[in-house]
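A.B. asks: The structure under discussion is supplied below as structure tokens; questions concerning it will follow.
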Amino acid sequence: MNLSNSQDEEESRERSIIESNGEAPRADDSSLRVPESRIRRNGFGAPYGAPLITTVLVVLLEITTFGLFIVPYLQKMLSTQLFVIILAIWVSLYLINLVLVLATMLKDPTDPKVYEYRKDQSIVTNKYCDYCASYTELKAKHCRSCERCVKDFDHHCIWLNNCIGHNNYRYFFSCLMLYTVLSYAFIIVSILCVINPHKNSLFSFEEVVIIWVSTLIFIKVIFCILQTALFVFHVFLLLNNMTTYEFINKDRRKVKDSSKLEKSIEKSQQINVFNFLAHYEDRNSPQTSPKKKNIQLNNMPNHVLVDSQVGPITEKEPEEP
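UniProt numbering applies: residue 1 is where the sequence shown begins, and numbers increase by one.
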């Protein structure tokens with residue numbers, strides 16, 4: 001089964017049905033409901049994937065490199081007053097970024113309607129999720145990684161091990177913007193540190209340290225390219241008032257519509273060919289009896305007869321005058 005079909009099957013469990021009589025969709029049985037033990041409440045909930053572990057390791061490497069090499073380098077390069085100001089700004093920005101990361105990970109993006117419905121089952125909306133066994137907001141989406149419905153679902157962030165939605169998107173975007181700026185600053189200062197190692201009093205093992213810092217610079221450049229692309233993409237989404245999930249679905253609908261158009265054109269071409277052959281044979285074979293003609297038309301595909309507006313066909317002989 002391809003990705004499109006599996007996603008369609010998943011979305012079939014999140015029914016958004018507004019019936020003609022105005023009634024909301026009825027709840028199914030709870031046999032598909034996800035157990036509470038499998039629901040992830042925040043980014044610190046298990047399981048922990050490799051991307052989250054990678055994020056933690058890179059941050060620890062940054063802090064270690066910053067404290068051991070960049071701080072002494074800046075102290076040697078700058079005056080005491082300027083060094084203190086820059087260091088205070090840098091540390092403050094890192095702490096703010098850390099708070100934003102924790103806020104993004106700790107904030108539960110679950111649709112509040114899920115909790116409200118479990119307390120009061122008289123609360124009914126026009127969308128029902130079989131996995132959560134609850135009514136939800138129309139723009140909520142069930143995340144199979146976290147096993148919960150997320151209000152205004154944007155995407156599941158593998159690097160922070162949490163879904164991004166209405167409750168934590170502003171923290172995520174602010175964190176992404178600030179961390180991108182800090183990453184560029186870190187790369188620039190690290191490059192200067194490698195170019196002028198004699199300015200750093202801790203470069204007693206110069207070759208080892210240069211390899212260390214250079215490796216971290218290489219990793220940071222890759223991360224920085226990805227961060228920049230992601231940041232620009234989310235700026236585009238904000239300007240167009242869209243979420244990542246809506247953007248992806250928009251492309252999927254375009255592909256589906258294109259496929260339907262191609263099938264419609266192909267079907268029309270088949271109809272034209274059958275019509276041409278039928279008229280050509282009728283014109284060049286005047287001796288063909290009505291009975292034989294009707295039998296030939298009966299052998300044609302049903303959709304050709306319907307689309308060609310051919311009337312009902314019988315094998316009854318025409319009455320003689």
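Ideal Cβ placement from N, Cα and C applies to all residues, glycine included.
Nothing here was measured: the structure is a model prediction, and the numbers come from that model.
What does residue 150 pair with, by DSSP beta-bridge criteria?
C.D. replies: The residue labelled residue 150 in the question sits at position 150 within the sequence shown. The partner list for residue 150 (beta bridge, DSSP) reads 110 and 141.
A.B. asks: Let me confirm a value: residue 257 is counted as buried when at least 16 other C-beta atoms fall within 10 Å, else exposed. Which label applies?
C.D. replies: Here residue 257 is taken as the residue at index 257 of the sequence shown, counted from 1. Any answer about residue 257 is weak, because its pLDDT of 48 lies below 50 and its placement is not dependable; what the coordinates show is given next. Classification of residue 257: exposed, given that the 10 Å Cβ count is below 16.
A.B. asks: In the DSSP assignment, the alpha helix (DSSP H) including residue 131 goes from what residue to what residue?
C.D. replies: Indexing the sequence shown from 1 puts residue 131 at position 131. From DSSP, residue 131 is part of no alpha helix (DSSP H); its letter is neither H nor E.
A.B. asks: Less than 8 angstroms between the C-beta atoms of residue 173 and residue 105, yes or no?
C.D. replies: In the sequence shown, counting from the first residue as 1, residue 173 sits at position 173. In the sequence shown, counting from the first residue as 1, residue 105 sits at position 105. Not in contact: residue 173 and residue 105 (Cβ atoms no closer than 8 angstroms).
A.B. asks: Use the C-beta contact count for residue 134: other C-beta atoms within 10 angstroms, 16 or more gives buried, fewer gives exposed.
C.D. replies: Your numbering for residue 134 matches position 134 in the sequence shown. So residue 134 counts as buried.
A.B. asks: With which residues is residue 135 paired in a DSSP beta bridge?
C.D. replies: Your numbering for residue 135 matches position 135 in the sequence shown. In DSSP, residue 135 forms a bridge with 128.
A.B. asks: In whole angstroms, what separates the C-alpha of residue 157 from that of residue 75?
C.D. replies: In the sequence shown, residue 157 corresponds to position 157, counting from 1. In the sequence shown, residue 75 corresponds to position 75, counting from 1. If I take the Cα positions, the gap works out to 37 angstroms.
A.B. asks: Residue 89 to residue 126, Cα distance in whole Å?
C.D. replies: Residue mapping note: residue 89 aligns to position 89 of the sequence shown, counting from 1. Residue mapping note: residue 126 aligns to position 126 of the sequence shown, counting from 1. If I take the Cα positions, the gap works out to 49 angstroms.
A.B. asks: On the DSSP letters alone, give me the boundaries of the beta strand (DSSP E) that residue 164 sits inside.
C.D. replies: Sequence index remark: in the sequence shown, residue 164 carries index 164 (1-based). Its beta strand (DSSP E) spans residues 162 to 164.
A.B. asks: Do you know offhand how far residue 196's Cα is from residue 65's?
C.D. replies: Counting from 1 along the sequence shown, the entry for residue 196 is found at position 196. Counting from 1 along the sequence shown, the entry for residue 65 is found at position 65. Near 16 angstroms, if we compare the C-alpha coordinates of residue 65 and residue 196.
A.B. asks: Per DSSP, residue 156 is paired with what?
C.D. replies: Here the question's residue 156 lines up with position 156 in the sequence shown. According to DSSP, residue 156 bridges with 163.
A.B. asks: Mind checking if residue 109 is an interface residue toward chain B, Cβ cutoff 8 angstroms exclusive?
C.D. replies: The question asks about chain B, but that chain is absent: this structure has only one protein chain.
A.B. asks: Please classify residue 95: is it buried, with 16 or more other beta-carbons within 10 angstroms of its beta-carbon, or exposed?
C.D. replies: Here the question's residue 95 lines up with position 95 in the sequence shown. Exposed, by the Cβ-count rule.
A.B. asks: Would you tell me roughly how many angstroms separate the C-alpha atoms of residue 147 and residue 112, rounded to the nearest one?
C.D. replies: Indexing the sequence shown from 1 puts residue 147 at position 147. Indexing the sequence shown from 1 puts residue 112 at position 112. Answer to the nearest angstrom: the Cα atoms are 15 angstroms apart.
A.B. asks: For residue 52, count neighbouring C-beta atoms within 10 Å of its own C-beta (all shown protein chains included) and say buried if the count is 16 or more, exposed if not.
C.D. replies: Within the sequence shown, numbered from 1, the residue matching residue 52 stands at position 52. Residue 52 is buried by the Cβ-count criterion.
A.B. asks: Classify residue 409 as buried or exposed, calling it buried when 16 or more other Cβ atoms lie within 10 Å of its own Cβ.
C.D. replies: Nothing can be reported for residue 409: it is not among the residues displayed for the chain, which extend from 1 to 321.
A.B. asks: If you measure between the beta carbons of residue 141 and residue 167, is that distance less than 8 angstroms?
C.D. replies: Stepping through the sequence shown from its first residue, residue 141 is reached at position 141. Stepping through the sequence shown from its first residue, residue 167 is reached at position 167. Not in contact: residue 141 and residue 167 (Cβ atoms no closer than 8 angstroms).
A.B. asks: Quick check on residue 81: buried or exposed, where buried means 16 or more other Cβ atoms within 10 Å of its Cβ?
C.D. replies: Here residue 81 refers to the residue found at position 81 of the sequence shown. Classification of residue 81: exposed, given that the 10 Å Cβ count is below 16.
A.B. asks: Residue range of the alpha helix (DSSP H) that residue 52 falls in?
C.D. replies: In the sequence shown, counting from the first residue as 1, residue 52 sits at position 52. First-last of the alpha helix (DSSP H) with residue 52: 50 to 65.
A.B. asks: Under the assumption that residue 153 contacts residue 54 (Cβ atoms under 8 angstroms), give the Cβ distance between them as a whole number of angstroms.
C.D. replies: Counting from one through the sequence shown, the residue named residue 153 turns up at place 153. Counting from one through the sequence shown, the residue named residue 54 turns up at place 54. About 24 angstroms; that fails the 8 angstroms criterion.
A.B. asks: Could you check which residue in 179, 209, 212 and 214 has the C-alpha nearest to that of residue 226?
C.D. replies: Translated into positions along the sequence shown, residue 226 becomes position 226. The shortest C-alpha separation from residue 226 is found at 179.
A.B. asks: Measure the CB-CB distance between residue 190 and residue 216 and report whether it falls below 8 angstroms.
C.D. replies: Along the sequence shown, read from residue 1 onward, the residue named residue 190 stands at position 190. Along the sequence shown, read from residue 1 onward, the residue named residue 216 stands at position 216. Yes. Within cutoff.
A.B. asks: Taking only three categories from DSSP, how would you classify residue 40?
C.D. replies: Working through the sequence shown from its first residue, we reach residue 40 at position 40. Reduced to three states, the DSSP call for residue 40 is coil.
A.B. asks: With H, G and I counted as helix, E and B as strand and the rest as coil, what does DSSP make of residue 77?
C.D. replies: What you label residue 77 is simply residue 77 of the sequence shown in a count that begins at 1. Residue 77 falls in the helix class under three-state DSSP.
A.B. asks: Using 8 angstroms as the threshold, is the C-beta distance between residue 176 and residue 231 below it?
C.D. replies: Here residue 176 refers to the residue found at position 176 when the sequence shown is read from its first residue. Here residue 231 refers to the residue found at position 231 when the sequence shown is read from its first residue. Their beta carbons are under 8 angstroms apart, which means residue 176 touches residue 231 by this criterion.
A.B. asks: Assuming contact is defined by CB atoms lying nearer than 8 angstroms, are residue 117 and residue 34 in contact in what I supplied?
C.D. replies: If you number the sequence shown from 1, residue 117 lands on position 117. If you number the sequence shown from 1, residue 34 lands on position 34. Contact flag unset, no.
A.B. asks: Pick helix, strand or coil for residue 242, following the three-state DSSP scheme.
C.D. replies: In the sequence shown, residue 242 corresponds to position 242, counting from 1. In this structure, residue 242 counts as coil in the three-state DSSP scheme.
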